[in-house]
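**Q** Got a structure for you, written out below as structure tokens; questions coming shortly.
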């Protein structure tokens, strides 16, 4: 009885927290928009229209939510186990490149082709995560910094490979874009809703999130991995092999990050373009934290994230505002959500008490 | 091949190293203090980018480079206070706050660039006054050294002074001792009567000021312009220097110099028609190599002990 009450309290607290953060973001965001000389109602209406207003805009919300779910899951798996995998972005880049290469250079029957592309993308991400994992395991090199550096390197290396190995030093898409050829139709993820940019990738992403949720909740291995993150000593005494858990989590995180790159290529871009995804890795980490590393919550937060992205594009088109305004709103949301409201409430209470004593 | 080797030790490369290293050294020395005080902060990119923008604005408004730097530093302190309030006071997760601030700083500076200067992407103006180069006449006679060290702006020379002062403060003063104590064992430090929060705040402010100064170097070192996401990963190199140097200002400074050297090589080696993308990975690659060498060394030491 007492326990259920406590859980209810926690849920109540976190709901209050999210609502408070949301309201604060709306208020501060409105002020920001006013400062830029635009009507906040107009701006929010355009965001809403661009995100959910029509079938097409709903589709593009789904399209932007798709990679967010996967990078969020990739980040949450690592952070749950106490691994600072900042390298989601790098793993995503290699996944995307390999998916594109498999997509345009071989011909397979449709569904098998998609499966092979995604598998190759996942393996590429896994390989790219393998390196920092080994460095940490054998030489105790902080994965935080190696993965960060590998992110920068991944962007440059994939650009190098596309330009010099695939494009032979010249770009085939005009002067600016460094890109691979288009993938075969058999590798393209079909549209989920006709006439929109939403593809079956969103289904794949949600399925992966579900599998991860079930894995953590109902399997022994999942329980062990969770223990490693929560209390390493306890896990070791309980007979968990911390080293092999560490490597398998790191690789799994890289695998899913790679798939997210693959899904982006197969579902949205149809080719690998150099520097195509800016900040996806950071998005993933922020989503994972907002959702408190819960796979189902990650799906929900990702939909919000995708809707805001789609909405921000519409807002930029129809008002004088820059789409980066939405990035500031997202930053504020993260800042407000991560605050411990108990401290804040206590402070507010003490101010009121002081006020009443003084008055 | 021998051309390339000669180019690698040419004075131009070293002059480039000195130029590129300055913000890295200053930022890294600042980061050493928060690192040693046990604050987990990776918002270097946010601090430096914010400061770079406000330094540009300050220089544009006041017409002096020092004014620009001061305004940049003030903006950076504001960012530091936001971080400190959220992390120290409201118990938010330092990592996620850092990431959100890095994420937001890009958007904030780009939007400000648009609304203040009405420029998209980049803003160049003659009214942005850079620091003047200082000519040291006594170096004129020395051929190699004069190209490397002469005719630089004041911040370049200042960065080495800051590095040594940082070292002295960290290792030769009570303040430094307490900072290190707070980082190594907060509970013990607190029992010994050290005010944890005070040391966390002071080190955070030191870092804000120094990363602010480092950020202001970037637009005011002669280019007199601000571009979107101008720091482009320099903050993360600072962080790497701090972590590799384990919070020792001189070590971190030397590591920063090494990263700057690999970056400077890039500019020289592009003239040999080597792929630019591969060359630009060099500083990041250097970070990993240094970490690996460090790791192997420690690994061997541990093996010997056991």
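Residue numbers (my numbering), protein chains in the order written: chain S, 159 to 517; chain U, 6 to 311. Where is the CB? At the ideal position from N, CA and C, for every residue including glycine.
Report the neighbours of residue 101 of chain U on chain S: residues whose CB is nearer than 8 Å to its CB, in chain order.
**A** Within 8 Å Cβ-Cβ: 443, 444, 447, 492 and 496.
**Q** Closest to residue 435 of chain S by C-alpha separation, out of S/500, S/316, S/295 and S/402, would be which residue?
**A** Looking at the Cα atoms, S/316 is the closest of the given residues.
**Q** Give me the Cα-Cα distance between residue 329 of chain S and residue 318 of chain S, rounded to the nearest whole angstrom.
**A** Below a pLDDT of 50, predicted positions are generally treated as unreliable, and residue 329 of chain S, at 49, falls in that range; the measurement from the model is reported next regardless. Roughly 12 Å separates the two Cα atoms.
**Q** Contact check, residue 98 of chain U vs residue 447 of chain S under 8 Å by CB: the rounded distance?
**A** That belief holds up - the Cβ atoms of residue 98 of chain U and residue 447 of chain S are roughly 7 Å apart, short of 8 Å.
**Q** Can you list, in chain order, the residues of the segment 272-296 of chain U whose Cβ is nearer than 7 Å to any Cβ on chain S?
**A** Answer set for the segment 272-296 of chain U: 280, 282, 283, 285, 286, 289, 290, 292, 293 and 296.
**Q** If you check the beta carbons only, do residue 250 of chain S and residue 229 of chain S fall under 8 Å apart?
**A** Going by C-beta atoms, residue 250 of chain S is nearer than 8 Å to residue 229 of chain S.
**Q** At the 8 Å Cβ level, is residue 299 of chain S part of the contact set with chain U, yes or no?
**A** Cβ-Cβ to chain U under 8 Å: yes for residue 299 of chain S.
**Q** Which whole-angstrom value is the C-beta distance of residue 429 of chain S and residue 421 of chain S, which I expect to be below 8 Å?
**A** Actually they do not touch by this definition, with Cβ atoms about 14 Å apart.
**Q** Where does residue 244 of chain S fall in DSSP's three states?
**A** Looking at residue 244 of chain S - three-state DSSP - the assignment turns out to be coil, as it is neither helix nor strand.
**Q** Looking at chain U, is there any beta carbon in it that lies within less than 8 Å of the beta carbon of residue 224 of chain S?
**A** Chain U, which has no Cβ nearer than 8 Å to the Cβ of residue 224 of chain S, makes this no.
**Q** Indicate the three-state DSSP secondary structure (helix, strand or coil) for residue 132 of chain U in the structure shown.
**A** Three-state result, residue 132 of chain U: coil.
**Q** Which of helix, strand or coil does DSSP assign to residue 267 of chain U?
**A** Residue state, collapsed to three classes: helix.
**Q** Return the chain-ordered list of same chain residues with a C-beta closer than 7 Å to the C-beta of residue 16 of chain U, the five sequence neighbours on each side being excluded.
**A** Answer for residue 16 of chain U: 149, 152 and 153, listed in chain order.
**Q** Output yes if chain U places a C-beta closer than 8 Å to the C-beta of residue 318 of chain S; else output no.
**A** Interface residue, yes.
**Q** Beta-carbon of residue 321 of chain S versus every beta-carbon of chain U: anything under 8 Å?
**A** Answer yes: the Cβ-Cβ gap between residue 321 of chain S and chain U drops below 8 Å somewhere.
**Q** Looking at residue 135 of chain U: is its Cβ nearer than 8 Å to the Cβ of residue 226 of chain U?
**A** The answer is yes: Cβ separation under 8 Å.
**Q** Would you report the Cα separation of residue 159 of chain S and residue 171 of chain S, rounded to the nearest angstrom?
**A** Annotation note: pLDDT 45 at residue 159 of chain S (below 50); position unreliable, coordinate value reported separately. Computed Cα separation, rounded: 18 Å.
**Q** So residue 440 of chain S contacts chain U; which residues on that side make the cut at Cβ distance below 8 Å?
**A** Per Cβ cutoff of 8 Å: 104, 107 and 108.
**Q** Short of 7 Å Cβ to Cβ, which residues in the segment 475-489 of chain S face chain U?
**A** Residues passing the 7 Å Cβ filter: 480, 482, 483, 485, 486 and 489.
**Q** Could you work out which residue in S/292, S/281, S/274 and S/240 is closest to residue 393 of chain S when comparing CA atoms only?
**A** Looking at the Cα atoms, S/240 is the closest of the given residues.
**Q** Under a three-way DSSP split, which group does residue 180 of chain S fall into?
**A** Looking at residue 180 of chain S - three-state DSSP - the assignment turns out to be helix.
**Q** By the DSSP assignment, the beta strand (DSSP E) with residue 231 of chain U in it spans what residues?
**A** That run of the beta strand (DSSP E) goes 230-232.
**Q** Suppose you measure from the CA of residue 286 of chain S to the CA of residue 248 of chain S; what does that come to, to the nearest Å?
**A** Each residue's Cα considered, the two are about 8 Å apart.
**Q** Can you find a CB in chain S that lies within less than 8 Å of the CB of residue 120 of chain U?
**A** Answer yes: the Cβ-Cβ gap between residue 120 of chain U and chain S drops below 8 Å somewhere.
**Q** Residue 431 of chain S bridges to which residues according to DSSP?
**A** S/337, per the DSSP bridge assignment.
**Q** Quick check on DSSP: helix, strand or coil for residue 480 of chain S?
**A** Coil at residue 480 of chain S, not helix or strand.
**Q** With 8 Å set as the bound, which would you pick, yes or no: does the beta-carbon of residue 49 of chain U sit closer than that to a beta-carbon of chain S?
**A** It does not; no Cβ of chain S falls within 8 Å.
**Q** Just grab the DSSP bridge partners of residue 349 of chain S for me.
**A** Per DSSP, S/357.
**Q** Residues bridged to residue 138 of chain U by DSSP?
**A** DSSP output for residue 138 of chain U lists U/158 as bridge partner(s).
**Q** Can you tell me the Cα-Cα spacing of residue 253 of chain U and residue 511 of chain S, whole angstroms?
**A** Spanning the two alpha carbons is a distance of roughly 46 Å.
**Q** Output, in chain order, the set of chain U residues within a Cβ distance shorter than 7 Å of residue 306 of chain S.
**A** Under the 7 Å cutoff, chain U gives 241.
**Q** Could you list which residues in chain S have their beta carbon closer than 8 Å to that of residue 117 of chain U, in chain order?
**A** Here the premise fails: no neighbours, minimum Cβ distance about 10 Å.
**Q** Just the Cα atoms here: how many angstroms apart are residue 309 of chain S and residue 8 of chain U?
**A** In a straight line, the C-alpha of residue 309 of chain S is about 31 Å away from that of residue 8 of chain U.
**Q** Nearest chain S C-beta to residue 137 of chain U closer than 8 Å, yes or no?
**A** False, the Cβ-Cβ gap to chain S never drops below 8 Å.
**Q** Could you tell me whether the Cβ of residue 300 of chain U comes closer than 8 Å to any Cβ of chain S?
**A** It does; some Cβ of chain S falls within 8 Å.
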